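Below is one structure, written out as structure tokens; the observations come after it.
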Amino acid sequence: MTDPAAALRLTLDAPRAARVGDRVRMTLVVHNAGADPLTLYLRGRPVAVDLSVRRADGAPVWHRLEHAIIPAIVQLRELRPGERLAFGVTWDQMTGVGQSAGAGEFMLEASLLTDGPEPLRAPPVSLRIVGTT
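Quick look at the structure:
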């Protein structure tokens, strides 16, 4: 028997390059690529979508849900075959301590918190920020 969750596809839509100081818009897309409906048990209100930015060497830069309190609320959402959900977040290129991230190579990561032990994760996306600070 096939696991229904295997039909679930997560992708992170984000620019591959930006200039220093530009706002970086990222969208986590959840897609039911299967032939059957899927029920998602999503945490939080609004739905808890986590995004993080790391330098190319893995050093953390920014984490959207760092120090956030996620309400113990679960929302049920049924995704019909072919249906997509999109969750957008904008990063202002500031670090978690309020400094400019500056130019360089970064990895963007996105996850969707569910009632399971691990969040659903999209493959990471690279971002090059160019210019001077």
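Here the working numbering = 1-based position in the sequence shown + 687. Where a beta carbon is used, it is the ideal one built from N, C-alpha and C, also for glycine. These numbers come from a predicted model, not from an experiment.
Can you find the residues in the same chain that come closer than 7 Å, C-beta to C-beta, to residue i, ignoring five residues on each side of it along the sequence?
i, result
"Thr726", "Leu763, Glu765"
"Asn719", "Ala694, Leu695, Leu725, Leu766, Arg767, Pro768, Gly769, Glu770"
Nearest to residue i by alpha carbon, out of the options?
i, options, result
"Gly721", "Gln786, Gln780, Gly789, Glu770", "Glu770"
"Ala701", "Val784, Ser739, Gly803", "Ser739"
"Ser813", "Pro724, Gly708, Met713", "Met713"
"Ala746", "Leu752, Gly791, Glu805, His718", "Gly791"
"Pro804", "Arg751, Leu752, Leu729, Thr777", "Leu729"
Give every residue of the same chain whose Cβ lies closer than 6 Å to the Cβ of residue i, excluding the five residues on either side of it in the sequence, and list them in chain order.
i, result
"Thr689", "At Thr689, the pLDDT of 46 sits below 50, so the modelled position is not reliable; the number obtained from the coordinates is stated separately. Closer than 6 Å at Cβ, skipping near neighbours: no residue."
"Asp779", "Arg710"
"Phe774", "Leu715, Val736"
"Ala797", "Leu699, Leu715, Leu738, Ala809"
"Pro724", "Glu765, Arg767"
Excluding five sequence neighbours on each side, which residues of the same chain lie with their C-beta closer than 8 Å to the C-beta of residue i?
i, result
"Gly781", "The question names Gly, but residue 781 is Met in the sequence shown. Correct list, in chain order: Trp749, Ser787, Ala788."
"Phe793", "Val740, Arg741, Arg742, Ala743, Val748, Ser813, Leu814, Arg815, Ile816"
Please classify residue i as buried or exposed, where buried requires at least 16 neighbouring CB atoms within 10 angstroms.
i, result
"Ala705", "buried"
"Ala743", "exposed"
"Arg767", "exposed"
"Ala693", "exposed"
"Arg703", "exposed"
Check whether the Cβ atoms of residue i and residue j lie closer than 9 Å to each other.
i, j, result
"Pro810", "Leu695", "no"
"Gly708", "Gly818", "yes"
"Asp802", "Val761", "yes"
Could you round the C-beta distance between residue i and residue j to whole angstroms and report it? I think they count as a contact, below 8 Å.
i, j, result
"Leu807", "Leu697", "6 Å"
"Val717", "Leu772", "4 Å"
"Glu672", "Gly731", "Only positions 688 to 820 of the chain appear in the structure, and residue 672 is not among them; the question remains open."
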